[in-house]
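Chains H and R supply the protein sequences, listed in that same order.
In terms of our numbering, the first sequence opens at residue 811 and continues consecutively.
In terms of our numbering, the second sequence opens at residue 811 and continues consecutively.
For every residue, glycine included, the Cβ atom is placed at its ideal position computed from N, Cα and C.
One structure below.
Number of protein chains: 2
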Amino acid sequence: MNAPDVALICRALGDTNRLQIVELLTHGEQCTCVLLEHFSITQPTLTHHMRVLTECGLLKSRKEGRNTYYSLNCETMSDFREFIAGLVCGK
Amino acid sequence: MNAPDVALICRALGDTNRLQIVELLTHGEQCTCVLLEHFSITQPTLTHHMRVLTECGLLKSRKEGRNTYYSLNCETMSDFREFIAGLVCGK
DNA sequence: ATAACACATAGATTGCTGTCAATGAAAATT
DNA sequence: AATTTTCATTGACAGCAATCTATGTGTTAT
Chain H
811 MNAPDVALIC RALGDTNRLQ IVELLTHGEQ CTCVLLEHFS ITQPTLTHHM RVLTECGLLK
871 SRKEGRNTYY SLNCETMSDF REFIAGLVCG K
Chain R
811 MNAPDVALIC RALGDTNRLQ IVELLTHGEQ CTCVLLEHFS ITQPTLTHHM RVLTECGLLK
871 SRKEGRNTYY SLNCETMSDF REFIAGLVCG K
């Protein structure tokens with residue numbers, strides 16, 4: 811994973827709401843309606859955040875009936891963790 | 811380290827130039843003048859980026875003569891790495 | 001003292017971002 | 001078929017952020 815991709819992900823995680831969304835999704839996929847209960851934002855704003863997180867590759871989405879389920883993209887998350895893990899002092 | 815602090819750091823790392831600055835500083839402290847050679851931005855813009863990185867706790871600075879030397883704040887970096895390392899699928 | 005150097009600060013501008021209300025679209029329910 | 005539910009899209013707005021030029025400040029060299 812190269813620097814521009816990482817910067818894009820960091821920018822996505824640079825919003826408190828989005829960071830909390832990712833934290834919630836570490837426990838498994840969730841639909842928008844359930845996620846919405848955890849925040850004090852409107853549904854369009856949440857959908858906007860989900861879009862940002864999806865476009866940088868962090869999330870996957872799956873439609874089932876009238877629900878949309880979001881989950882972490884494990885591969886991207888793994889690559890990102892690896893990059894950050896490499897940012898050590900005195901390399 | 812709590813979520814708001816992490817979000818602040820992520821936002822700081824969400825700029826390609828700043829991410830590269832942090833990568834450069836993993837090899838040790840550097841003064842502004844040397845860092846500037848790696849980028850195609852003006853000196854005030856670089857100083858602005860150093861300020862952002864310092865204010866979120868990622869960098870430390872030290873003045874020696876007419877030079878300012880920047881280095882990673884190892885403790886903050888460590889806490890941040892640990893937080894990101896905890897963002898795993900299927901927790 | 002004067003000049004040169006390294007960096008910070010101020011002010012302006014342009015573009016992006018988080019948020020909302022309003023609306024659209026597709027599926028399930030009645 | 002009509003209504004309800006769930007989510008996406010649109011358009012707007014206020015605030016922030018990246019960048020620049022111009023200038024200020026402290027330090028070293030001449």
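Notebook entry, point to check: According to the Cβ coordinates, are H/I819 and H/C866 closer than 8 angstroms?
Noted result: yes
**Report entry** Continuous beta strand (DSSP E) assignments of at least 3 residues falling wholly in the segment 825-858 of chain H
**Finding:** none
### Task
Tell me whether R/L868 sits in a helix, a strand or coil according to DSSP, three-state version.
R/L868 falls in the coil class under three-state DSSP.
Let's see if you can read the secondary structure: which residues bound the alpha helix (DSSP H) around H/G823? Before going on, a small fix: residue 823 of chain H reads as Leu here, not Gly. Element bounds for H/L823: A813 to L823.
Quick check on H/L897: does DSSP put it in helix, strand or coil? coil
- Query: With a Cβ-Cβ cutoff of 8 angstroms, do R/L897 and H/M860 count as a contact?
  - Reply: no
(request) Count the other C-beta atoms from every protein chain shown that fall within 10 angstroms of the C-beta of R/G824, then say buried if there are 16 or more, exposed otherwise. (result) buried
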